[in-house]
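> In our numbering, the protein residues as written are 1 to 460. Pasting a structure below so you can have a look.
Right, dumping it as C-alpha cells:
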C-alpha cells in the first residue's frame with residue numbers, strides 16, 4: 001500500500017514547556033477497561049494482543065514515529081511529545097477511552113478515536129475528539145494523517161472496504177512488552193451471520209472479506225521469524241468458505257505452528273474439514289454458543305444454531321484433539337432462572353475448558369438496542385455504565401435484579417474448584433497435552449480469583 005508524502009510539520013507545543021514543536025509522532029493507545037468498582041483492569045501480562053495498533057502503525061506515513069501503549073500492562077505516557085493521539089476503543093473500555101481523550105485534549109493534543117464502540121456511536125464519540133475513524137481504516141488512515149499535517153482535519157473519516165489488503169503489521173513494536181506466547185494474524189473481517197445483538201453485524205451487515213492466502217501466510221511467517229511457535233488467527237467465521245479454509249490450512253500445516261481461532265459450531269458437521277484444521281496445528285476453537293435456549297437464539301436472529309445438538313457437536317470437535325472455549329449470554333427472550341442454572345450444568349457436563357458469560361446488553365448502535373428501545377424495555381439509559389455484568393434491560397421472564405443475581409451465581413458455580421477440576425484436569429484429553437491442561441487450570445484459577453471479588457474475567 002502506498003504511503004502519502006508528508007507536507008509540513010505539526011506546530012503543537014511540547015508538553016514540557018519548550019517552544020520546540022512536537023515531532024511527527026503518533027501515540028496509539030489501547031485503553032484498559034474500568035472494573036465495576038472504577039479501578040483500571042491491570043495485568044502482569046497481556047496474552048491477547050490486539051492487532052489494531054500494529055496494523056495502524058504499518059499504515060502510518062513513513063516519516064512519522066509511532067509508539068504503542070497497551071494500558072492493561074503499562075501506563076499511558078501522558079508526558080509524551082507526540083502531537084497526535086490515536087485511541088482504539090473496544091467493548092467496555094469506552095469510559096476509559098473518553099477519560100484519556102479528555103486529558104490529552106486539555107493538553108492541546110489532537111485526538112483521533114476509532115474502534116468498534118466509536119464506530120457504533122460516532123456522533124457521541126465526536127464530543128471527545130478531533131476526528132472519528134468509522135469502521136475500517138485501511139483506506140482512510142493515510143488521508144487522515146495528511147489532513148492533520150496540512151491543518152485540514154475532517155471530523156469524520158469513513159470509507160467502506162471492497163477488498164481486504166493490509167501491510168505487514170509492525171509486530172516488532174510489541175516485542176519488548178509483557179505479552180504472551182502468541183501473536184495475532186488476520187484472515188478475514190466481518191461475518192456472514194446476522195445476529196441482532198452483535199456489533200460486527202451492525203458494522204458489516206453480513207459482509208465478509210477475506211485476505212489473500214499468500215498475505216495471511218506472509219504474516220504467519222513473520223510471527224514465526226520473531227520466535228513465536230503459535231498464533232491467534234483472527235476471523236469471526238473462518239470456515240464459512242470451505243474451499244478457502246482447506247487451502248489456508250494446507251499452507252499453515254507447512255509452517256509447523258500451533259494456532260487458535262473462533263468460528264461457528266457448525267464446523268462439527270464437516271469432519272473432513274475439522275480433521276484438516278486439527279492436522280494443520282489448530283488446538284483451540286472458540287464458539288459463541290450464546291444460549292442453551294432455542295427461543296433465546298431465535299430472538300437473537302441466531303436460529304441456525306440448535307442448542308439441543310451442542311453436546312454432540314462439542315464431542316465431535318473434541319474427538320480431534322481440539323480444546324474448546326465458549327462465550328454465552330444470559331437474559332435473552334427464552335431465558336429463565338431455571339435455564340441459567342441449567343447453563344452451569346451444561347458447561348460442567350461438556351467440560352468447556354474456558355467459558356465466559358455476559359449479560360445480554362442492548363448496546364447503542366445495534367439492532368437489539370433499537371428493538372429494546374421500541375418496546376420501552378431499557379431499564380438503565382446511562383449507556384456509559386453498561387458493563388455486561390449488570391442487567392440494563394427488562395428481561396422477559398425475570399426482573400433486572402434477578403438477572404444480575406443469577407448471572408453471578410452462574411459464574412461462581414462454573415468457577416468453583418470442583419467444576420474447574422472437572423473441566424481442565426479430570427478430562428480424557430489431559431494426557432494428550434498435560435502442560436496445556438495445567439495452563440488452562442491456571443487461567444481458570446485466575447478467573448476464579450476475579451469472580452470471587454465481583455470482577456468479570458476479561459479477555460485482555
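Note that beta-carbon positions come from the ideal geometry of N, C-alpha and C, so glycine has one too.
Could you tell me the distance, in whole angstroms, from the CA atom of residue 222 to the CA atom of residue 386?
38 angstroms
> Is residue 37 helix, strand or coil when you go by DSSP?
It is coil, neither helix nor strand.
> Could you give the DSSP three-state label for residue 393: helix, strand or coil?
strand
> Would you kindly work out how many angstroms separate the C-alpha atoms of residue 441 and residue 27, rounded to a whole number?
36 angstroms
> Mind checking residue 328: buried by the 16 CB within 10 Å criterion, or exposed?
buried
> Span of the alpha helix (DSSP H) holding residue 471?
The structure shown has nothing for residue 471, since the chain only spans 1 to 460.
> Verify whether the separation of the beta carbon atoms of residue 351 and residue 261 is less than 8 angstroms.
No.
> What are the start and end residues of the alpha helix (DSSP H) that includes residue 290?
DSSP places residue 290 outside any alpha helix (DSSP H); the residue lies instead in the beta strand (DSSP E), whose first and last residues are 282 to 290.
> Could you check whether residue 93 and residue 184 sit closer than 8 angstroms to each other, using their CB atoms as the reference points?
In this structure, residue 93 does not lie closer than 8 angstroms to residue 184 by Cβ.
> With 16 as the cutoff for other CB atoms within 10 Å, does residue 446 come out buried or exposed?
exposed
> Do you know whose CA, among 242, 47, 208, 251, lies nearest residue 216's CA?
251
> Under a three-way DSSP split, which group does residue 185 fall into?
strand
> Classify residue 355 as helix, strand or coil using the three-state DSSP reduction.
strand
> For a test of your reading of the model: does the CB of residue 122 fall under 7 angstroms from any non-hydrogen atom of the ligand GDP? Yes or no.
The ligand GDP is not among the ligands present in this structure, which contains no ligands whatsoever.
> Out of 357, 271, 345, 136, point me to the one whose CA is closest to residue 208's CA.
136
> Buried or exposed for residue 44, going by 16 or more other Cβ atoms inside 10 Å?
exposed
> May I ask which residues mark the beginning and end of the alpha helix (DSSP H) holding residue 85?
Note, residue 85: premise wrong, no alpha helix (DSSP H); beta strand (DSSP E) at 82 to 88.
> So, does the region 368 to 386 touch the region 404 to 421, judging by three or more C-beta pairs under 8 angstroms?
Result no; under three Cβ-Cβ pairs closer than 8 angstroms.
> Around the C-beta of residue 349, are 16 or more other C-beta atoms found within 10 angstroms, so that it is buried, or is it exposed?
exposed
> Is residue 171 closer than 8 angstroms to residue 226 when the C-beta atoms are compared?
Remark: C-beta atoms of residue 226 and residue 171 approach each other more closely than 8 angstroms.
> In terms of alpha-carbon separation, which member of 114, 145, 392 lies closest to residue 83?
For the options 114, 145, 392, the alpha carbon positioned closest to that of residue 83 is the one of 145.
> With a threshold of 7 angstroms on Cβ separation, who are the neighbours of residue 457 within its own chain once the five nearest residues in sequence on each side are excluded?
356, 447, 450, 451
> Residues in the same chain with beta-carbon distance under 8 angstroms from residue 461, minus the five sequence neighbours each way, listed in chain order, please.
Residue numbering for the chain in the displayed model covers 1 to 460; residue 461 lies beyond these limits and cannot be assessed.
> Any idea if residue 309 is buried or exposed, counting beta-carbon neighbours within 10 angstroms, 16 or more meaning buried?
exposed
> Can you find the residues in the same chain that come closer than 8 angstroms, C-beta to C-beta, to residue 419, ignoring five residues on each side of it along the sequence?
Close CB contacts of residue 419 within its chain, under the 8 angstroms cut and outside five residues either way in sequence, are with 344, 347, 348, 413 (chain order).
> When the Cα atoms are used, what is the spatial distance from residue 297 to residue 330?
11 angstroms
> Going by the CB atoms, is the gap between residue 61 and residue 87 shorter than 8 angstroms?
no
> Specify the secondary structure class of residue 47 as computed by DSSP and reduced to three states.
coil
> Could you pull out every unbroken alpha helix (DSSP H) segment of at least 4 residues lying fully inside the region 309 to 333, listed in chain order?
310 to 319
> At the level of alpha carbons, what is the spacing between residue 122 and residue 143?
18 angstroms
> If we count the other Cβ atoms within 10 Å of its Cβ and call it buried at 16 or more, is residue 393 buried or exposed?
By the neighbour-count criterion, in which a residue is buried when 16 or more other Cβ atoms sit within 10 angstroms of its Cβ, residue 393 is buried.
> CB-CB under 8 angstroms to residue 175, same chain, minus the five flanking residues each way: which ones, in chain order?
Here the set comprises 226.
> With residue 276 as the anchor, note down where its alpha helix (DSSP H) starts and where it stops.
From DSSP, the alpha helix (DSSP H) with residue 276 extends over 271 to 279.
> Might you give, ordered along the chain, the residues of its own chain that have their beta carbon closer than 8 angstroms to the beta carbon of residue 270, omitting 5 neighbours on each side?
239, 242
> Looking at C-alpha atoms only, which residue of 363, 433, 406 is the closest neighbour of residue 119?
363
> Who does residue 25 pair with in a DSSP beta bridge?
In the DSSP output, where bridge partners are listed per residue, residue 25 has 65.
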